[in-house]
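All remarks here apply to the structure that follows.
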Amino acid sequence: MGLDLSTLRTLISRYCVGEENWVDSRTIYIGHKEPPPGAEAFIQQRFPDNRIVSSKYTFWNFIPKNMFEQFRRVANFYFLIIFLVQLIIDTPTSPITSGLPLFFVITVTAIKQGYEDWLRHKADNSVNQCSVHVLQNGKVIRKQSRKLRVGDVVFVKEDESFPCDLILLSTSRDDGTCFVTTASLDGESSHKTYYAVQDTKAYNAEKEVDSIHATIECEQPQPDLYKFVGRINIYMHNEPVARPLGSENLLLRGATLKNTEYIYAVVIYTGMETKMALNYQSKSQKRSAVEKSLNAYLVVYLCILIIKAIINTVLKYAWQADPIRDEPWYDQRTEVERQRNIVIRAFTDFLAFMVLFNYIIPVSMYVTVEMQKFLGSYFIMWDDEMFDQELGERAVVNTSDLNEELGQVEYVFTDKTGTLTENNMEFIECCVDGHVYVAQAICNGQVMPGADSMDMIDTSPGPEAREREELFFRALCLCHTVQVKEEETVDGIKQGIHHGKSTSFYISSSPDEVALVEGMKRLGFTYLRLKDSHMEILNREEEIERFELLEVLTFDSVRRRMSVIVKASTGELYLFCKGADSSIFPRVVSGKVDQVKARVEHNAVEGLRTLCVAYRPLSPAQYQEVCQLLSRAKLALQDRDKRLAEAYDIIEKDLILLGATAVEDRLQEKAADTIESLHKAGMKVWVLTGDKMETAAATCYASKLFHRNTQILELTTKRTEEQSLHDVLFDLSRTVLRQHGGMSRDISGLSGDCMDYGLIIDGATLSTVMKPGQEDSNSGNYKEIFLEICRNCSAVLCCRMAPLQKAQIVKLIKTSKEHPITLAVGDGANDVSMILEAHVGIGIMGKEGRQAVRNSDYAIPKFKHLKKILLVHGHYYYIRISELVQYFFYKNVCFIFPQFLYQFFCGFSQQPLYDTAYLTLYNISFTSLPILVYSLVEQHINMHILKKDPSLYRDIAKNSLLRWPIFIYWTVLGVYDAIVMFFGAYFLFDNTTFTSNGQMFGNWTFGTLVFTVLVFTVTFKLALDTHYWTWINHFVIWGSLIFFVVFSLLWGGILWPFLNYQRMYYVFMQMLSSGPAWLSIVLLITASLLPDVLKKVIWRSLWPTTTERIQMKRRCLASQPSTIFMLSQTSSRISF
């Protein structure tokens, strides 16, 4: 047939399977060149273009999609139904009263969301239309990024970002390496080394690269940033030569080329198939817990509304069962009305009652909430304490919808590098055979004794000790992957180390490697360069020593060590090894282990990052054996990583211990204090990082996430290789549950006597845990066991995490049975996914671009500002909006329930109790401004106290002020006040129906009396709840009452005689001219407010909360002239 297996597989995958994601691998033709005849059939696969799409809407789907999202809100949908009912039937009120506010809210929201999405489209276009250099027909041409195709060969210059995922073919460096910063991917700003394909690294000219004839077979796109498997088939004289490809050959989109003049690379993944795009979490609309409570309350009130309408409809027809009542002599029906179906009439009456009572859920509440969130967000942006002088930046609010959510956070997920730390390593000390060398203690180039008398070194050591000391320094100068660059301006910053004659600076994939090499430089041994596979060192005598670099055994998180094999100029062969103490000590056969181990433990307690250094001399025969082992492992196409690990394990043994080092990773200012405050506030803090475990663990100790007495539990690849995942999980579960069951844990999480657990998990193990249920029935549900372990740990560290895994962790906690409120904070593009997944996302304005800031809900300059934005602003926002929501429902129950009662006295005729103007303006003018101002400026406790005592945050945790018992209390209070107002006015005037001039009170006078008591009662209720009085509060509260009186006089024709045709003409004045009416107003207001005041006084006296105790202490200070805040003498409803 002429088709080989490869061709058959490709045909089946293309035409039978139908979905590319089902194909195990893809074949890429470099430069779109056909393979030689007879090699394999040329079947060009279809791949997406290189466009990136982060926008939510398109021109065509904006209106339907946006309308769908907006009408998912219960309030919007409810108002739409009411508006349609008013259009269909004849109702007591005009459709404009519901339709116009609804149209305004929907339009403004659509414009806002449309503008935000237009900005995303604009950002996408700027990326997709930027020019890139592509090699075509031996020449470099410019092309738009979006037009790149899989198989194109691109030319990238220094400091340019990679436009898509690439396989490195050749570089400007002779050794075929290039250096890359991946700050936008994994948060690391240090330089990482990548390697060109061995057989193509010599092709540096355009025509040479264009002559490459090869194909690449690799896996289909997947989001793991640290994993890539493939191979390249290079055709030499029509014969393919296969070479393995790994993650060290893969350049990821968004990374930046550094310290390399140019590279040539071939495109393998484009557009939304790049690893960064696969890690991008789609942006969804977030809703706060308060909004969810609000929706639930709306549903309850909607049910109350329907019940009211049904009761009135049934009673109306029961009332009209008597023909005299049904058709009185003054209101005879027409023949058409008599012939109408009773069901249709009943349904019409039901809808009319719905419209009459619909003010129980006014549209103004939704508008007021939106205004409160929008205006309230400016207090964050105006906060001078959250202004960073160094950056010149203030806090930014991108989404005001989640202000109150800042007061409900239970889990904080934070990135490490650039968020907790400054990513700035500093060499502290090294220990050789138990003697401490402090880099700062240098005098005339000589190492001076350490400060600790126990670790004092001899300033004139013997020949043997001096030889060991210099061997240690040489080991650190050789065992690394540091690169040297001559001093120049990099990223706008002059970088250089001016000691002696050297004017160079170091770059590396690991910042602590740079710190160690710099420390050795200050101790007298300077690493100069790697040239022609030879490493050069300048020793203390200013002599250059040359070592041939034979092999590099790279670091990995399982081995936790790295090694180099070098050949000295004397011909001696050495293996130098450095790594974590746990991976070095078991492999050591001699050396002063006890002294070094004691110093390592001492430094670990201080929160320093420690490494141990050892060596092993090799004979030529041993070296040949090592070479053969490594060669076989590197050429393996299957299980290459496993074979290399086995080879490294055989090579790195029988070591001689030299000493240890200590490096400090500087934390951001007040990072430890912030984490401690968050713990006291009842939040659990998780660190999610792409960094290796040792680095991250050291930072966790320094930032007080882990304490000295914290027992560390490991759920890592190394442990799961020794035991099955099932056994490890159940062992950890038994450990934490036994401790949890046997000892009551301190609720603050700060007990020094109680055993605290800290969990460390890596990305590979997490992937296994997150997989759906295994076939083995004994495996159980790993997710549930993992969650149970995490719940009983005071802190959790997740290391070697891909960006999408960070989002998966957040989602796992967010969707657990407790449904806790989560917050994610980070500074790099690798944090965007978890920022978008969490309930609240906060971006740090760090050194790693602005992607996290752009995609976050809030952006702050430094991690320390998280304390104030949560403990102060979040606390205030939640207190304010919870009062706003409850108060709105309360005042509308007071407003509408008398209307319901009035139907029993008007034959269920749908007669309004209040005038139309009062119905319309009650929520818009008379009662709206006081609660809006309260919800913007209320401070029930001084902000300094909130910062000083984080435990106050616990008083409002778990949506405590919007729970059902409190909601029911406010509703019952509203019903009580409504009954007092209605029946109080009814009975007081039952026998006193005449004024002093003999006029009788009519129904509009009665309704106006009830409405007057209503407006004053609900306004005074808010005044009693106010703790922080400003001139604005006084103005709007007393101003609203004055406005009501003035409007009533105006509407009644007293001040504006042209309105004398109105049915309200002189009604308000007539009511005020009656002495009993004045007495009734005072008595009814007092009777309405008294039970609530008494209840709160009793509650505060018998069961005060922490917040209320502080308020009572502050009350004593309020009378002093120096007091800044005026606190009301009444208690707050926070006790509920």
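Residue numbers 13 to 1148, in my numbering, belong to the letters of the sequence shown in order. Where is the CB? At the ideal position from N, CA and C, for every residue including glycine. Owing to the predicted nature of the structure, the values given are computational and were not obtained by experimental measurement.
Check the C-beta distance from residue 833 over to residue 421 and give it rounded, since I have them as a contact under 8 Å. Residue 833 to residue 421, Cβ: 5 Å. Contact.
Should the stretch 249 to 265 be called in touch with the stretch 130 to 139, which here means at least 3 C-beta pairs below 8 Å? With contact defined as three or more Cβ pairs closer than 8 Å, the stretch 249 to 265 and the stretch 130 to 139 are not in contact.
Quick one: complete alpha helix (DSSP H) runs, 4+ long, within the stretch 142 to 226? 195 to 198 and 218 to 222
Residue 674 and residue 656 closer than 8 Å at C-beta: no
Since I believe residue 814 is in contact with residue 413 (beta carbons under 8 Å), could you give me their beta-carbon distance rounded to a whole number of angstroms? With 8 Å as the limit, residue 413 and residue 814 do not qualify as a contact, their Cβ atoms being about 29 Å apart.
Which residues bound the alpha helix (DSSP H) around residue 945? 940 to 949
If we count Cβ pairs, one from each stretch, closer than 8 Å, do we get three or more for the stretch 154 to 161 versus the stretch 272 to 292? yes
From residue 363 to residue 63, what does the alpha carbon distance come to, in whole angstroms? 52 Å
Using beta-carbon positions only, say whether residue 571 and residue 595 come within less than 8 Å of one another. It is a contact, given that the beta carbons lie within the stated cut-off.
Assuming residue 489 and residue 549 make a contact with CB atoms under 8 Å, what is their CB distance in whole Å? 5 Å
When DSSP builds the beta bridges, which residues end up paired with residue 591? 573 and 624
Which runs of the beta strand (DSSP E) at least 3 residues long sit entirely within the stretch 1027 to 1051? Give them in chain order. Secondary structure within the stretch 1027 to 1051: not one fully enclosed beta strand (DSSP E) run of 3 or more consecutive residues is present.
DSSP state of residue 732 mapped onto helix, strand, coil: Residue 732: helix per DSSP, three-state reduction.
If you draw a straight line from the alpha carbon of residue 438 to that of residue 873, how long is it in whole angstroms? 23 Å
Can you check whether the CB of residue 359 is closer than 8 Å to the CB of residue 321? no
Whose C-beta lies closer than 6 Å to the C-beta of residue 366 among residues of the same chain, with five residues either side of it excluded? 321
Helix or strand or just coil, what does DSSP make of residue 234? Three-state DSSP puts residue 234 in coil, outside helix and strand.
Please work out which residues of its chain come closer than 7 Å, Cβ to Cβ, to residue 616, disregarding the five sequence neighbours upstream and downstream, and give them in chain order. 622
Can you list, in chain order, the residues of its chain whose CB lies under 7 Å from that of residue 934, leaving out five sequence neighbours each side? So the qualifying residues of the chain are 907.
Three-way DSSP call (helix, strand, coil) for residue 41 in this model: strand
When every heavy atom of the ligand NAP is checked, does at least one fall within less than 7 Å of the C-beta of residue 399? With respect to the ligand NAP, the structure offers nothing, as it holds no ligand at all.
Under 8 Å between C-beta atoms of residue 910 and residue 993: yes
Among 981, 816 and 782, nearest to residue 898 - alpha-carbon criterion: 981
By the DSSP assignment, the alpha helix (DSSP H) with residue 1104 in it spans what residues? 1087 to 1114
Tell me whether residue 1051 is buried or exposed, calling it buried when 16 or more other Cβ atoms sit within 10 Å of its Cβ. exposed
Among all the DSSP beta bridges, which residues are the ones paired with residue 6? The shown model of the chain, from 13 to 1148, leaves out residue 6, and the question about it has no answer.
N- and C-terminal bounds of the alpha helix (DSSP H) containing residue 928: 928 to 933
The stretch 137 to 146 / the stretch 253 to 261 touching (three or more Cβ pairs under 8 Å): no
Below 7 Å CB to CB, which residues in the same chain sit around residue 822 once its five sequence neighbours on both sides are set aside? 425, 834, 836, 846, 849 and 850
Straight-line CA distance for residue 864 to residue 399? Each residue's alpha carbon lies about 18 Å from the other.
Simplified DSSP state of residue 832, which is helix, strand or coil: coil
Beta-ladder partner(s) of residue 697, from DSSP: Looking at the DSSP output, residue 697 sits in a beta bridge with 424 and 807.
Under 8 Å between C-beta atoms, does residue 238 make it to chain B? Among the chains of the structure shown, chain B does not appear; only one protein chain is present.
Determine which residues share a DSSP beta bridge with residue 437 and list them. 677
On a CA-only basis, which of 41, 1117 and 491 is nearest residue 243? Give me that one, please. 41
At least three beta-carbon pairs within less than 8 Å, the stretch 951 to 971 to the stretch 874 to 888: These segments touch.
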